[in-house]
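K.L.:
Just passing along the structure, written as structure tokens.
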Ligand SMILES: [Fe+3]
Ligand SMILES: [Fe+3]
């Protein structure tokens, strides 16, 4: 059976793509953000995951309002990045692992998660940039399974539903007949709001309590409704449900590897975290 | 609050469209099928529904395997029929009721059904033909909400999940702030199989027991797995989950209005049924 | 499902394995919703199959109008029906072809089911 | 939701009401994923808006680059960001425009959040 080595979480701000392309990670503006990653690179070098299952949200690249899924699972042999309309470099394709994708899909439907199955799926910056952050080398060394959670159009799935989705995905991975090592990613957040008169909203106290809760009391954030999470963390801060889904997949006990929190990159309070399962 | 007057179920064989277009409903081949409808027309004339919420399955018109939903709910002001590739006449558009659609979507996501929301949605013969059967006049007199359930690609949602979807949709309708009358449709089945060496499979005994169960013991069919339902009723017979979802929406007590069963039309054992809620 | 359930005689469940295998074939057949695409296919079947990247097994089953072969190659009956439409075949034609009966025999079998 | 929750200051939830209202506008902005479409828009904004059926409120908000107006007209920030990309605006430009600050003031507000 496959083994989950741990989980990774990160913000996924588009401008990260520009910073990496320009090689300005050590500039004063970017350094406090990129400094959060080397200890995680070291850990990944030790646990050597073969596969990454990624909870992320599409920002209007693969999905439009004509067919807006709540949960969508990729089942392709390859996932292409593409032009998102504002000029960050398009990255090379990511390799899929349809075998694990279909196993997850079968298990999720069995457990009454009503997923959309995607045999073709464009992946946007929320999926691609964390790979450049966690594996900064040229080629992505892991196979991937994208799992997209709707944060575009209300009603959004509740934090509790996303956490339980993560739990079910974790169970599916642990029952996958394979000796590969799997890492779970959750990308998005932390607090930020792009739109409206409240643009620029950031909530440091909540973010830090949330990051802390993922180790000590992972269900803490599931007490809040989506509306409460938007109120606390902003219209885009609600992307923190990706972190929750990741945490749900890891099982009961986790050990901290490394974390970092920095305000601001772009309009966002950025967080980075790695958790090991043993 | 809106009122559910009852439920309608029918097979939805494409060639019905041709028979209606040619006006051959009284030909010996078609008469035993079309004769199932006049008593239901009389009942509909009495209960006068304003809105029809329709459980049906898309046959490769609106959805493809790139994004295959488990459950998809229409939220459009208008639903267009279109060319399905084998020449039955394209019907005029159907009017939607986005107000009820969004109420249903909000309630379903609240109850942890992970639906796809469709603000544009082509509807195929499974949605359109039952309207021509139940309201044979020129214009369709009801507003509509299409709810599509995947029967194309495994894993399919279980019979129990579909029944519970129906229950949640019924609850949503009964909590809709409106004085309109609503009828629930389920279209598909009964036993038939188009593909493979077992093509032509029909199971009269199961069909009759299933129709009977919808009055007396509506959860009877939820004891079976999808695999068992395919084994018993054929690869397309599994469309009977639409009848189950319809029945789930009606609540505990129903009264029979009329039913009919006829073998064969095309490759299908056809069933028609109307149930009243009071 | 890691463990597939017992097979059902003469029945291929369109599961993840079939869906992967048949993707190109089904995508081509899905395109036949459009009359323009049907006409383009009819004008040059080989070029159209090439455009959709059908594999040899799929292309051969299309060429030979082999329904069971199309299913074995990953075809899903809902999409294949649109190909059958191009050929002017109805579901009894398909049923007969798959069961090795004449169309009349197949229809008789269906009628007989009324007296099960 | 039949009963909408309490409004949050300066925040429009993109719910069913907004999604219906903004469909044409968001569909146009979604099309800006393609460079060809961005160029077609830039060459003749009015013709492009007409093609997507924008209503008067939406077209006016596009013409005047009015971010809050675009949101009021049903625009969703994820799609609107693609319009902002055409204009060469980043999210601090948008933030400043929506909060009535200069860009420098808006950036200072963000930095200040580190010391909350
Ligand atoms: Fe984001
Ligand atoms: Fe059907």
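Chains as they are written, first to last, in the numbering used here: chain A, 1 to 278; chain B, 1001 to 1278; chain C, 2001 to 2116; chain D, 3001 to 3116.
All C-beta atoms in this analysis are idealised placements derived from N, C-alpha and C, irrespective of residue type, glycine included.
1. Within 6 Å: the Cβ of residue 1084 of chain B and any heavy atom of ligand 2?
2. Mind listing, in chain order, the residues whose beta carbon lies closer than 7 Å to a non-hydrogen atom of ligand 1?
3. 7 Å is my cut-off, CB to CB: does residue 1120 of chain B come that close to chain C?
4. Just to make sure I have the definition right: I need the residues of chain A whose C-beta is within less than 8 Å of the C-beta of residue 3015 of chain D. Which are they?
5. Check the DSSP bridge columns for residue 1187 of chain B and list the partner residues they point to.
6. Could you check how far apart the C-beta atoms of residue 1233 of chain B and residue 1206 of chain B are, in whole angstroms? I think they sit under 8 Å.
7. Would you call the CB atoms of residue 2032 of chain C and residue 1085 of chain B closer than 7 Å?
8. Residues of the segment 95 to 118 of chain A with a CB closer than 8 Å to any CB of chain B: list them in chain order, please.
9. Could you run through the segment 3083 to 3116 of chain D and flag, in chain order, every residue whose CB is less than 9 Å away from some CB of chain B?
10. Looking at residue 198 of chain A and residue 3009 of chain D, is the spacing between their C-beta atoms short of 7 Å?
11. Can you check whether the CB of residue 1051 of chain B is closer than 7 Å to the CB of residue 1097 of chain B?
12. Have a look at the DSSP bridge pairing and note the partners of residue 2116 of chain C.
13. Under three-state DSSP, which class holds residue 3069 of chain D?
14. Buried or exposed: where does residue 175 of chain A fall if 16 or more other Cβ atoms within 10 Å of its Cβ makes it buried?
15. Measuring straight from C-alpha to C-alpha, what distance separates residue 1226 of chain B and residue 1150 of chain B?
16. Is there contact here, the segment 1210 to 1229 of chain B with the segment 1241 to 1250 of chain B, by at least three beta-carbon pairs under 8 Å?
17. Give the DSSP-derived three-state secondary structure of residue 1088 of chain B in the structure shown.
18. Within the segment 1075 to 1153 of chain B, note down every full alpha helix (DSSP H) run reaching 4 residues or more, in order along the chain.
19. Under 8 Å, with one C-beta from each stretch per pair, do the segment 61 to 68 of chain A and the segment 93 to 109 of chain A reach the 3-pair mark?
20. Taking all protein chains shown into account, do 16 or more other C-beta atoms lie within 10 angstroms of the C-beta of residue 3019 of chain D, making it buried, or fewer, making it exposed?
21. Residue 2033 of chain C touches chain E at which residues, Cβ-Cβ below 8 Å?
22. With H, G and I counted as helix, E and B as strand and the rest as coil, what does DSSP make of residue 2102 of chain C?
23. Using three-state DSSP, classify residue 1213 of chain B as helix, strand or coil.
24. Residues of chain A with CB under 7 Å from residue 2020 of chain C, in chain order?
25. Mind reading off the beta-carbon distance from residue 3054 of chain D to residue 3024 of chain D? Whole number of angstroms is fine, and I expect it under 8 Å.
26. With which residues is residue 1003 of chain B paired in a DSSP beta bridge?
27. Can you give me the C-alpha to C-alpha distance between residue 1114 of chain B and residue 1075 of chain B, rounded to a whole angstrom?
28. Output the boundary residues of the alpha helix (DSSP H) element that contains residue 1237 of chain B.
29. At the 7 Å Cβ level, is residue 2053 of chain C part of the contact set with chain B, yes or no?
30. Are residue 1194 of chain B and residue 2067 of chain C touching if we call contact CB-CB under 7 Å?
31. Suppose you measure from the CA of residue 43 of chain A to the CA of residue 70 of chain A; what does that come to, to the nearest Å?
32. Could you tell me the distance, in whole angstroms, from the CA atom of residue 1011 of chain B to the CA atom of residue 1237 of chain B?
33. Would you check if the distance between the CB atom of residue 1169 of chain B and the CB atom of residue 1249 of chain B is smaller than 7 Å?
34. Taking CB distances under 7 Å as the criterion, tell me whether residue 1144 of chain B reaches chain A.
35. Using the rule of at least 16 other Cβ atoms within 10 Å of the residue's Cβ for burial, across every protein chain shown, is residue 2110 of chain C buried or exposed?
36. For chain B, find out if any of its Cβ atoms is closer than 7 Å to the Cβ of residue 3078 of chain D; answer yes or no.
P.N.:
Checking against the coordinates, here is how it stands:
1. For ligand 2, no non-hydrogen atom lies closer than 6 Å to the CB of residue 1084 of chain B.
2. Counting only beta-carbon distances shorter than 7 Å to the non-hydrogen atoms of ligand 1, the qualifying residues in chain order are A/12, A/57, A/59, A/126, A/188, A/236 and A/239.
3. Taking 7 Å as the threshold, the shortest C-beta distance from residue 1120 of chain B to chain C does not fall below it.
4. Neighbourhood of residue 3015 of chain D in chain A, by CB distance below 8 Å: 153, 154 and 155, in chain order.
5. Answer by DSSP bridge pairing, in chain order: B/1010.
6. Indeed they touch by this definition, with Cβ atoms about 6 Å apart.
7. Less than 7 Å divides the Cβ of residue 2032 of chain C from the Cβ of residue 1085 of chain B.
8. From the segment 95 to 118 of chain A, only 105, 106, 109, 110, 112, 113, 114, 115, 116, 117 and 118 have a Cβ closer than 8 Å to chain B.
9. So nothing in the stretch comes that close.
10. With contacts defined by Cβ atoms closer than 7 Å, residue 3009 of chain D and residue 198 of chain A form a contacting pair.
11. Between residue 1097 of chain B and residue 1051 of chain B, the C-beta spacing is below 7 Å.
12. Answer is none; residue 2116 of chain C lacks a bridge partner.
13. It is helical.
14. The residue in question, residue 175 of chain A, is exposed, as its Cβ has fewer than 16 Cβ neighbours within 10 Å.
15. If you take the alpha carbons of residue 1226 of chain B and residue 1150 of chain B, they lie about 12 Å apart.
16. Below 8 Å, enough C-beta pairs join the segment 1210 to 1229 of chain B and the segment 1241 to 1250 of chain B to call them touching: three or more.
17. Three-state result, residue 1088 of chain B: coil.
18. Those alpha helix (DSSP H) runs which fall completely within the segment 1075 to 1153 of chain B and span 4+ residues are 1098 to 1110 and 1125 to 1134.
19. No, because fewer than three Cβ pairs between the segment 61 to 68 of chain A and the segment 93 to 109 of chain A fall closer than 8 Å, the two stretches do not touch.
20. Counting Cβ neighbours within 10 Å, residue 3019 of chain D comes out buried, since at least 16 surround it.
21. In the structure shown, chain E does not exist; the protein chains are A, B, C and D.
22. When DSSP states are grouped into helix, strand and coil, residue 2102 of chain C belongs to the coil group.
23. The three-state reading of DSSP puts residue 1213 of chain B in helix, counting H, G and I together.
24. Those are 98, listed as they occur along chain A.
25. Residue 3054 of chain D to residue 3024 of chain D, Cβ: 5 Å. Contact.
26. In the DSSP output, where bridge partners are listed per residue, residue 1003 of chain B has B/1181.
27. If you draw a straight line from the Cα of residue 1114 of chain B to the Cα of residue 1075 of chain B, it is about 15 Å long.
28. Here residue 1237 of chain B belongs to no alpha helix (DSSP H), and DSSP marks it neither H nor E.
29. Output row for residue 2053 of chain C: interface = no.
30. For residue 1194 of chain B and residue 2067 of chain C, no; Cβs fall outside 7 Å.
31. In this structure, the straight-line span from the alpha carbon of residue 43 of chain A to that of residue 70 of chain A is close to 33 Å.
32. Their Cα atoms are separated by approximately 10 Å.
33. Yes; because the gap between Cβ atoms is below 7 Å, this pair is in contact.
34. Chain A, which has no Cβ nearer than 7 Å to the Cβ of residue 1144 of chain B, makes this no.
35. Classification for residue 2110 of chain C: buried.
36. Residue 3078 of chain D has a beta carbon lying at 7 Å or more from every beta carbon in chain B.
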